[in-house]
Structures are given as C-alpha cells and as structure tokens.
Amino acid sequence: MDATLKIHRYVEGKSWVDTFTVPRSTGLTVLGALTYIKEQQDPTLSFTCSCRSSICGACAVRVNGNAELSCEVLIDDLTARYQSDELTIEPLGNFRVIRDLIVDWDPKYARLKKVKPSLHPKDEFTVETGCLQSPEDFNKYKKYAGCILCGSCVSECNKNTLNQDDFLDPFAFVKAEKLVADSRSKSPEEHLKAVIEAGLWRCFNCQECTAKCPKGLDPAGAIEKLKAETFKHHLDDNVGARHAKAIYDDIQTSGTLDESKLNIKSEGYLMSSLRLPMALRLMNVGKMDPLAKHPVNPEIKTIDAIVKAAENADKEDA
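Those letters in the sequence shown? Residues 2 to 319, per the working numbering, in order.
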C-alpha cells in the first residue's frame, strides 16, 4: 500500500502544496520518503539532512502539525497514529522559511548568544590541570548536554508563536541551565541575568517543548530550574519572581490564592493603578471583593504537606 505525502512548498515568496505518492516498505522513514520523492519524482524538492541517525538534528520537520525528526519517525508508525495513509509535511514552525522544508537558523543562533552560551571556568582550574568534575556534579546537567539543536521545541512553543520578541527559544534556556548547573562555572549569575532579560518569566508553561523533544529532554523543566536558581542567587527583584513568590506565600498561609492582592504584590501599587479599570469591572460583576476577608482553605494541613513533599523532592533532585 502506498502513502500519500502532502508537502508544503515555498519558493521565492510563493507557497503551495504538492501531493506525492510513495511506496511503503518496512522501516521507511519520513526522510526516506522525502529522499525517494527528490530522487524519483521531483528533484526540486528541498529539505535538510545529515547524519540520518537522530544525532545532528538537521532534518526536523512538522508532520500533521507536530515536530518530528524525519530520519527517526517511521511512515508506518505515523499512519497508524493518525489512522490515515495521508500525511502532511511542513517546515518547522516559528522559523523563517528559506525554501520548501528548509528554515533559517541564523536568527536563532544570534538569539542563543544572548544567554552567553559558553563556560567560564573557576580560577582554580588551569590549562595544565584541566576542568575536573565529579560524576555526581556532571549528572546534575548531563541530560541537557544532549540537546541537538533540532528546533522541535521552537516549532511547538506557544509563546514563540504569539511573540518571539520578548522570549527566547526553549533550547536557549536549556543551554543556559546546563551552564548554571555546571559546578565548574565561575559565573552562573551571568547566565541567569541574561535569561531574566530574555523573558524567562514569560514562559506559558504549556509543556509543548518537553512533549515534542525527540531526545526526551525537558526544556520546560530547565526553565523552571532557572527560575528557582534566580531565587538562590538573589536575582528576584522583578515582576515574574515577585508574582511567583506571592502565589507561594498565599498557598503557605491560606491554601488558596488571594487574587485581589496578587497584582499589587507582583507589580507594586503604581503599576497596579493602571489596571484599576479592569479591577472595577471585576468588582462590578462580583468577581472581586477587596474588602472581603480572604478565606483559609479547610484542607490547609494537607496542602502544607504537599508543599513540603514537593520541596523535599526538589532537594533530592538537586
């Protein structure tokens, strides 16, 4: 049985969709199908690939709206997953398309530089002795060293889809967390300050970057770890950090969120005053009562136990 591939094409400002039929065989990957089309049906079809072993990350595309490594994912698995012999192939999302399935990485590499993605070793290390590290310290960031810069996380990031101007690509935060967690680093604060300025606290926490990472990494988890590190290094004088602390304090004291005071705790009185019209509308429809006493959740002891369990789990992970 054949598989039908509907491939999004783009050449010099013009876009369209071409439909190709590919004979299915055991072990045929999306990359194999694309190569077959280029060699047997349309030599103008453009895409990128290199290692064909899920190592280099060059061949990532979108299949039926989801980022995939085309050299890794099988046609048979995809048709079974979507219960259809027809698959739609597109270039990665949130990238500028150069031609067909080829996207422009140059702006992404430029953005990556914002997190200062290189290790500045402590003064105790020398050229002669090298930068020695225990296996335990290496394991703290080991998984983040596995990022292959395939762009899958970028493609699926909802914050990047909405606005890339005030938020870095997820893989950049992964690189930053790798350096912050590295015991050999002389200046983790340098990377933390950079990611704060680059939108660390604007993450939607949609988890799409983690769900779609072909290497099983956890970009969303890296972002959360970076947030925690900002508190450890006393870099918490910003709206995002104050917002997180306000929520934590409310849960600790009452077990519920006091939304009437949350914005004031996060942005301060001056900035909050600009939101007065919205507050008045909420009061008018009964959604907010600033004079009401904030209730204490009757399950506060259970909530407190959950919070302590989460804190202990974080300590064990560290």
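Yeah, the Cβ is synthetic: ideal placement off N, Cα and C, and Gly gets one too.
In the DSSP assignment, Glu-87 forms a beta bridge with Thr-5. Considering only Cys-210, Lys-216, Leu-236 and Cys-151, the residue with the shortest C-alpha distance to Glu-190 is Leu-236. Linking Val-175 to Asn-285 through their CA atoms gives a straight-line distance of about 44 Å. Rounded to whole angstroms, the gap between the alpha carbons of Leu-113 and Ala-199 is 10 Å. Residue state for Tyr-11 is assigned as strand, using DSSP reduced to three classes. Annotated three-state conformation of Asp-237 is coil, per DSSP.
Checking the DSSP bridge columns, you'll see Thr-80 has no partner listed.
Looking at the DSSP output, Leu-35 sits in no beta bridge, so it has no partner there. Taking the C-beta atoms as reference points, Gly-66 is found no nearer than 8 Å to Cys-151. The beta carbons of Arg-10 and Val-23 sit no closer together than 8 Å.
With distances taken between CA atoms, Val-98 lies nearest to Glu-13 out of Val-74, Glu-13, Met-279 and Val-116.
At the C-beta level, Leu-218 and Tyr-110 stay beyond 8 Å of one another. Taking 8 Å as the upper bound for CB-CB distance, Leu-227 and Val-181 are in contact here, some 7 Å apart.
For Asp-290 and Leu-263, the gap between their C-alpha atoms comes out near 13 Å.
Taking the Cα positions, Gln-41 is about 22 Å away from Arg-63. Three or more Cβ pairs drawn from the segment 289-305 and the segment 245-258 lie within less than 8 Å of each other, which places the two stretches in contact.
Around the CB of Tyr-249, fewer than 16 other CB atoms lie within 10 Å, so the residue is classed as exposed. Counting only residues of its own chain and dropping the five nearest sequence neighbours on each side, Asp-183 has a CB closer than 7 Å to the CB of Leu-120 and Tyr-142. Contact between Ser-153 and Ala-61 holds, with the beta-carbon distance rounding to 5 Å and staying under 8 Å.
Of the residues assessed, Ser-85 falls on the exposed side of the cut-off, its CB having fewer than 16 other CB atoms within 10 angstroms. Counting other Cβ atoms within 10 Å of its Cβ, Lys-233 stays below 16 and is therefore classed as exposed.
Per DSSP, the continuous alpha helix (DSSP H) segment holding Val-175 begins and ends at 171-181.
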